[in-house]
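Asker: Residue numbering for the sequence shown follows this note's numbering, starting at 17 and increasing by one per position.
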Amino acid sequence: MKKILFATTALVASAGVVAADVSFSGYGRFGAISIDNPAGTPDVEGIYTRLRLQLDMTTEADNGLTFGASLRHQQTTVDGAGYNGAGFNGARFFARSGGLEIGVGNTYGAIEWMPGVYMATQSADIGLSGHGFDSLVTNTSQKGYFNWDAYASGSGSAGRDGVEVMYSAGDFGGHLSYSNTGGTERTALHGSYTFNDWTVALGYQDSSVATEDKVVLTVGGNIGPAAVTLAYADNDGIGKFALKGGVEVGAATRVDAFVSSEDGNAGGEAYGLGVSHKLGGGSSLEAGFTRNDITDVNALDLGIRFNF
Numbered sequence: 017m018k019k020i021l022f023a024t025t026a027l028v029a030s031a032g033v034v035a036a037d038v039s040f041s042g043y044g045r046f047g048a049i050s051i052d053n054p055a056g057t058p059d060v061e062g063i064y065t066r067l068r069l070q071l072d073m074t075t076e077a078d079n080g081l082t083f084g085a086s087l088r089h090q091q092t093t094v095d096g097a098g099y100n101g102a103g104f105n106g107a108r109f110f111a112r113s114g115g116l117e118i119g120v121g122n123t124y125g126a127i128e129w130m131p132g133v134y135m136a137t138q139s140a141d142i143g144l145s146g147h148g149f150d151s152l153v154t155n156t157s158q159k160g161y162f163n164w165d166a167y168a169s170g171s172g173s174a175g176r177d178g179v180e181v182m183y184s185a186g187d188f189g190g191h192l193s194y195s196n197t198g199g200t201e202r203t204a205l206h207g208s209y210t211f212n213d214w215t216v217a218l219g220y221q222d223s224s225v226a227t228e229d230k231v232v233l234t235v236g237g238n239i240g241p242a243a244v245t246l247a248y249a250d251n252d253g254i255g256k257f258a259l260k261g262g263v264e265v266g267a268a269t270r271v272d273a274f275v276s277s278e279d280g281n282a283g284g285e286a287y288g289l290g291v292s293h294k295l296g297g298g299s300s301l302e303a304g305f306t307r308n309d310i311t312d313v314n315a316l317d318l319g320i321r322f323n324f
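1) Note down the Cα distance separating A77 from A315, rounded to an integer number of angstroms.
2) What is the DSSP secondary structure of I128, counted as helix, strand or coil?
3) Would you report the Cα separation of E264 and N79, rounded to the nearest angstrom?
4) With DSSP run on the structure shown, which of helix, strand or coil describes T200?
5) If you reduce the DSSP assignment to three classes, tell me which class T154 lands in.
6) Give the DSSP-derived three-state secondary structure of S171 in the structure shown.
7) When the Cα of K159 is compared with those of S223, F109, F104 and G103, which residue comes out closest?
8) Whole angstroms are fine: how far does the CA of S300 sit from the CA of D269?
9) Beta-carbon within less than 6 Å of K294's beta-carbon, same chain only, minus the 5 sequence neighbours each way: which residues are those?
10) Which residues does DSSP list as the beta-bridge partners of N308?
11) For Y220, list the residues DSSP reports as bridge partners.
12) Leaving out five residues on either side along the sequence, give the residues of the same chain with a beta carbon under 6 Å from the beta carbon of D95.
13) Is any beta-carbon of chain D found at less than 8 Å from that of F40?
14) With distances taken Cα to Cα, identify the nearest neighbour of T203 among Y183, F40 and A226.
15) Return yes when the Cβ of G262 is within less than 8 Å of the Cβ of G288, no when it is not.
16) Determine whether the beta carbon atoms of V232 and I127 lie at a separation below 8 Å.
17) For the putative contact between G121 and G106, defined by C-beta atoms under 8 Å, what is the C-beta separation to the nearest angstrom?
18) Out of G47, F46 and I51, which has the shortest C-alpha to C-alpha gap to T311?
19) Considering D165, what are the terminal residues of the beta strand (DSSP E) in which it resides?
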């Protein structure tokens, strides 16, 4: 992460210098991807790339309050699937004091920010790209994918209008979020507690779109050398379990895997296996394979990721 300090002089009677901390960070990833789709849907084979630039800006008031904003520029391309857009996203603004933070705009979202929802990998799922994020118990083929509030990266998020309150104290964490975007209202919350290196989290979302209602439970910790998470969600009557985890193999290599099961008449299983090998300097070789029995999709990718 690179930081640049900008000093501005306040042209008032008690003129002083205000230091604004502006941080630049992000990542790039590029490689090859292959998605074997069912009959009637074209397969995807070719080059995959993504570049993300994150800007985080903060300043501290005289009373100790921290004010800030976050902004992101991202572009993604996938050969065979077209150009997936580039541009700045909607900004998130916040005020923070100690363990309490209030955010507005393009908010993080209580379900998105809940411990144990995503995998602890570079892509937050399997492989270089994350594939279809089938390890998430909040994603189902019958009730929809990514139907909760999250800090959106696309330029279309500029119109997002949300508010959230985040609080942490010791081993406890809590998050409440609300949004009303495009006529869809969502209220979500989660609470988490860590004890003996294990974290338990419970989340809930109520939406004006009935199929988006959900209750989520995750339990994550270490069993010997392996980091494991067991998760379950009731997605408006469709239950989904997932067991996921990873283990370090030597000093530079990590192997991660998941298996998930979705109930209902159109339910089924999905599984995946990924490998990450550190190359130094924040770079790594990433590879992964996933299979979704419900959608009959196989995905494979291989490439390089570098963080800055």
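A virtual CB, placed ideally from N, CA and C, is assigned to each residue, including glycine.
Answerer: From the atom records:
1) As a working note, residue 77 is residue 61 in the sequence shown. As a working note, residue 315 is residue 299 in the sequence shown. Answer to the nearest angstrom: the Cα atoms are 49 Å apart.
2) Locating residue 128 in the sequence shown gives position 112, where the first residue counts as 1. The displayed chain sequence assigns Glu, not Ile, to residue 128. In this structure, E128 counts as coil in the three-state DSSP scheme.
3) As a first step, residue 264 is located in the sequence shown; it is residue number 248 there, counting from the start. As a first step, residue 79 is located in the sequence shown; it is residue number 63 there, counting from the start. Roughly 45 Å between the two C-alpha positions.
4) Here residue 200 refers to the residue found at position 184 of the sequence shown. Note: T200 maps to strand in three-state DSSP.
5) As a working mapping, residue 154 is identified with position 138 in the sequence shown. Three-state DSSP puts T154 in coil, outside helix and strand.
6) Taking the sequence shown and counting its residues from 1, the one referred to as residue 171 is at position 155. The answer is helix: DSSP assigns S171 an H, G or I state.
7) Here the question's residue 159 lines up with position 143 in the sequence shown. The residue with the shortest Cα to Cα distance from K159 is S223.
8) Indexing the sequence shown from 1 puts residue 269 at position 253. Indexing the sequence shown from 1 puts residue 300 at position 284. The sequence as given places Thr at residue 269; Asp does not occur at that position. So the alpha carbons of these two residues sit roughly 9 Å apart.
9) The count along the sequence shown starts at 1 and reaches residue 294 at position 278. Within the same chain, K294 has close Cβ partners A268 and S300.
10) Looking up residue 308 in the sequence shown gives position 292. Answer is A286 and V313.
11) Your numbering for residue 220 matches position 204 in the sequence shown. Y220 pairs with L205 and V231.
12) Position 79 of the sequence shown, counting from 1, holds the residue named residue 95. G62 and I63, listed in sequence order.
13) Looking at the structure shown, chain D is missing, and only one protein chain is on hand.
14) Here residue 203 refers to the residue found at position 187 of the sequence shown. It is A226 whose Cα lies nearest to the Cα of T203.
15) Looking up residue 288 in the sequence shown gives position 272. Looking up residue 262 in the sequence shown gives position 246. For G288 and G262, no; Cβs fall outside 8 Å.
16) Position 216 of the sequence shown, counted from the start, is the residue given in the question as residue 232. Position 111 of the sequence shown, counted from the start, is the residue given in the question as residue 127. Yes, the Cβ-Cβ distance between V232 and I127 is below 8 Å.
17) In the sequence shown, residue 121 corresponds to position 105, counting from 1. In the sequence shown, residue 106 corresponds to position 90, counting from 1. Yes, they are in contact, since the Cβ atoms of G121 and G106 sit about 6 Å apart, within 8 Å.
18) Numbered from 1 along the sequence shown, position 295 holds the residue referred to as residue 311. If we check each option's Cα against that of T311, I51 comes out closest.
19) On the sequence shown, residue 165 is found 149 positions in, with the first residue counted as 1. Here D165 belongs to no beta strand (DSSP E), and DSSP marks it neither H nor E.
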